[in-house]
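> Positions -24 to -1, 1 to 256 (mature numbering (1 follows the signal peptide of the UniProt record, and there is no 0)) are the ones given, in order, by the sequence shown. Backbone N, C-alpha and C define an ideal beta-carbon position, used for all residues, glycine too. Just so we're clear, the structure is a prediction, and the values are computed from it rather than from any experiment.
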Amino acid sequence: MSRSPFPLRLGAAFVLAAALGACAGTPATVSAGHGQATAPAPTGYLQGAAIPDSLALSPPPPAPGSAWAALDDAVARQALALRDSARFRQAHTDADLRFPTGAGQFSCALGVPVDAARTPALYRLLQRSLIDASAATRAAKNHYKRPRPFMVNGEPTCTPDDEPHLRGSGSYPSGHTAIGWAWALILSEIAPERATALLERGRNYGHSRLVCNVHWYSDVQQGQAMGAAVVARLHDNAEFRADLAAARREIAATPAQALPMPRDCAAEDAVLATDLPEAR
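1. In angstroms with no decimal places, state the Cα-to-Cα distance between S30 and A112.
2. Going by C-alpha to C-alpha distance, which of F64, V90 and R74 sits closest to M237?
3. Alpha carbons only, please: which of R59, R65, S61 and A93 is nearest the one belonging to L235?
4. Ignoring anything shorter than 4 residues or poking outside the stretch 55 to 106, list the alpha helix (DSSP H) runs there in chain order.
5. Out of L210, S105 and A228, state which residue places its alpha-carbon closest to the alpha-carbon of P18.
6. Can you tell me whether A246 is buried or exposed, with buried defined as 16 or more other CB within 10 angstroms of its CB?
7. Quick check on G178 - is its C-beta less than 8 Å from some C-beta in chain D?
8. How is H183 classed by DSSP in three states: helix, strand or coil?
9. Around the Cβ of A85, are there at least 16 other Cβ atoms within 10 angstroms (buried) or fewer (exposed)?
10. Following the continuous alpha helix (DSSP H) through W159, name the residue where it begins and the one where it ends.
11. Roughly how far, in whole angstroms, is the beta-carbon of W192 from the beta-carbon of P125, given that I think they are within contact range, below 8 Å?
12. Return yes when the Cβ of P40 is within less than 8 Å of the Cβ of S194, no when it is not.
13. My output table needs one value for E131: the three-state DSSP class, helix, strand or coil.
14. Taking C-alpha atoms, which residue in P149, G182 and Q23 lies nearest to L33?
15. Under a Cβ-count criterion, where at least 16 other Cβ atoms within 10 Å of its own Cβ denotes burial, should A228 be classed as buried or exposed?
16. Is H152 near L101, with beta carbons less than 8 Å apart?
17. If A55 sits next to L220, beta carbons under 8 Å apart, how far is it from one beta carbon to the other, in whole angstroms?
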């Protein structure tokens, strides 16, 4: 993987409503009708000060007129050229982090379909780490309130229905990227023989936010840094370590490509090979 010129310092996203409640510290429940409630919604592994502080760990976003801002603009222009392409449609697919759909975003790179029935430990691991990675970007997002590319260039996004929400959510750092990179790192530990494919998928997952016209390149770079910071903190959490070990056992017991995949992996691989030259 090539080095980015943007300085990385280790330590929004579309998250389940339950996850947002969990990040606020109050586990949510969903009514089943007639006064009955389902099980509590999932919560993150990390609480309070254990969540990396993106405001402390992130430099300010690039200043107007700086070399970093010029790179952001150059990558944004390249991304706009992919509008209405297969890569643009892939960015739309990648935007969906709602479970159960979100659990399958890395299935092709992993070589195993991920769902609550067949891989419950991994499904739980992805759900809970999503909440942590999303929470870790919030302080900087709320502080900098950086306008997103579509708010500046006036061009469409790959998720027009989400634009009203996105206008009120800061662009820097990218929450989707933090989640995707955290997942790529975690999955690389679970299936080290597929680490290259998983890390490439993590990189391309962040780049989908550029193609979607909802994030700048520096947002994505710092999102990766926050995702890595989250994974570093997760390794100090006993519940995470237990779920990680359980997920390893699940995947080891499932031969690669032995089950039908939730998407056309050959087509996805071909589309993701179309990347942004300035962002590699």
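Taking the definition as stated:
1. Going from the Cα of S30 to the Cα of A112 covers about 6 Å.
2. Of the listed residues, the one whose Cα sits closest to M237 is V90.
3. Nearest Cα to L235 within the set R59, R65, S61 and A93: A93.
4. Complete alpha helix (DSSP H) runs here, min 4: 62 to 70 and 83 to 86.
5. Looking at the Cα atoms, S105 is the closest of the given residues.
6. Exposed, because fewer than 16 other Cβ atoms sit within 10 Å of the Cβ of A246.
7. Of the protein chains in this structure there is only one, and it is not chain D.
8. DSSP places H183 in helix when its eight states are reduced to three.
9. A85 should be labelled buried.
10. Unbroken alpha helix (DSSP H) run through W159: G151 to I166.
11. Contact flag correct, Cβ pair sits at about 6 Å.
12. Going by C-beta atoms, S194 is not nearer than 8 Å to P40.
13. DSSP, read as helix, strand or coil, puts E131 in coil.
14. Minimum Cα distance to L33 is reached at P149.
15. Taking all protein chains shown into account, A228 has fewer than 16 neighbouring C-beta atoms within 10 Å of its C-beta and is therefore exposed.
16. It is not a contact, given that the beta carbons lie outside the stated cut-off.
17. Rounded to whole angstroms, the Cβ separation of A55 and L220 is 34 Å, and the two are not in contact under 8 Å.
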